[in-house]
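With full-length UniProt numbering applied, the sequence shown has no gaps in its numbers, which climb one by one up to 268 at the end.
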Amino acid sequence: MESIINHLQAVRDESPIVHNITNYVVMNNTANALLAIGASPIMAHAHPELQDMVKISGATVINIGTLDEYWVESMDIATKAANEFGKPWILDPVGAGASAYRNETITKLLKHSPTIIRGNASEIMSMAKVNAVTKGVDSTNTSDEALEAGIALSKKTRAVVCISGEKDYVILEDRVTAIENGHPLMGRITGMGCTATALIGAFAAIVKDPFHATVSAMCVLGIAGEMAAEKSSGPGSLQLHIYDALSQISDTDITNLAKLSSLSNNDL
């Protein structure tokens, strides 16, 4: 708990720049969430400025939700630059398995060694070449069903893998933390997973250990969702209250509400 509290305070104190190449649907939502947590978002995909944007940012977030050829090249340039400048970059493989083009794009991006991969259960299972059922960009698998695939994907890529769902898992090879914070209403807001990825970017920009950064981000968002749900009458008001909760979440909230557990090899 103390680490999560310290990480959140560091994000608020240092206000890291988080560079996002993300999808049209969630741009406004993720930018507002980053501002609410205390980070500084940049949404930039123009080829001539990508080197500069990656260089000044603490982390780069790549979200493949709305693909086209120009943006795929932007993602390729940005991830190469992140490696060149020693910056963490986070991959959100939205809709993995839904089309050959998405799968080809993911394969291309994986060659640039993402620091962290965050996806829903079906996306992670697809990336690990496990049979998964998708409904557009939504998952019809549970995070528990994807846990073995997540471990395999982390071992293959050497990236931290985060499976989001009713229960979130953060994985680094055989190291697994489960997070049971959140609220079912969060699943009825477009791009809540994309928001999680953006927040991971904010923490990864500050916290040197990407595993701890991911755990902190997912825990904070889950708690914020619980706090927001208490004041909300539906998904529309929940979205607004999540921004408020992200900006107001306190040390006491984290201490009292965080639900974390580490899994041993016997539990896997």
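By construction, the Cβ of each residue, glycine as well, lies at the ideal position given by its N, Cα and C atoms.
(1) Could you tell me the distance, in whole angstroms, from the CA atom of A33 to the CA atom of V170?
(2) Could you tell me which of P16, S74, T195 and L110 sits nearest to Y243, measuring between CA atoms?
(3) Taking 9 Å as the cut-off, decide whether the C-beta atoms of V72 and G191 are in contact.
(4) Once DSSP output is grouped into helix, strand and coil, what is the label at L110?
(5) Taking S247 as the reference, give the member of L35, K167, G234 and S15 with the closest Cα.
(6) Which runs of the beta strand (DSSP E), 3 residues or longer, sit entirely within the region 142-215?
(7) Return the residue from the list R102, F211, N28 and P16 that minimises the CA-CA distance to T60.
(8) Tell me which same chain residues have a C-beta within less than 7 Å of the C-beta of A229, skipping the five on either side of it?
(9) From the DSSP output, which residues share a beta bridge with R118?
(10) What are the start and end residues of the alpha helix (DSSP H) that includes N6?
(11) Name the residue from R12, N20 and Q51 whose alpha carbon lies nearest to the alpha carbon of E84.
(12) Compute the distance between the beta-carbons of Y24 and H47, then report whether it is under 9 Å.
(13) List the DSSP bridge partners of T66.
(14) Specify the secondary structure class of P41 as computed by DSSP and reduced to three states.
(15) Would G119 be called buried (16 or more neighbouring beta carbons within 10 Å of its own) or exposed?
(16) Measuring alpha carbon to alpha carbon, tell me which residue in A96, V160, R175 and N181 is nearest G65.
(17) If you check the beta carbons only, do I223 and D253 fall under 9 Å apart?
(18) With C-beta atoms as the reference, is A213 less than 9 Å away from I117?
(19) Can you tell me which of L91, E166, L147 and K111 puts its alpha carbon nearest to the alpha carbon of G201?
(20) Whose C-beta lies closer than 8 Å to the C-beta of I77 among residues of the same chain, with five residues either side of it excluded?
(21) Which residue wins for smallest C-alpha separation from P88, given the options I163, A205, I249 and V94?
(22) Measuring CB to CB, does A128 end up less than 9 Å from G150?
Reading off the structure:
(1) 21 Å
(2) Taking only the C-alpha atoms, the option nearest Y243 is T195.
(3) no
(4) helix
(5) L35
(6) 160-164, 168-172 and 175-179
(7) Out of R102, F211, N28 and P16, P16 has the C-alpha closest to the C-alpha of T60.
(8) H183, L185 and L238
(9) C162
(10) Per DSSP, N6 belongs to the alpha helix (DSSP H) from E2 to E14.
(11) Q51
(12) no
(13) Beta-bridge pairing links T66 to no other residue.
(14) strand
(15) buried
(16) A96
(17) yes
(18) no
(19) L91
(20) Only H47, L50 and Q51 meet the Cβ criterion.
(21) A205
(22) yes
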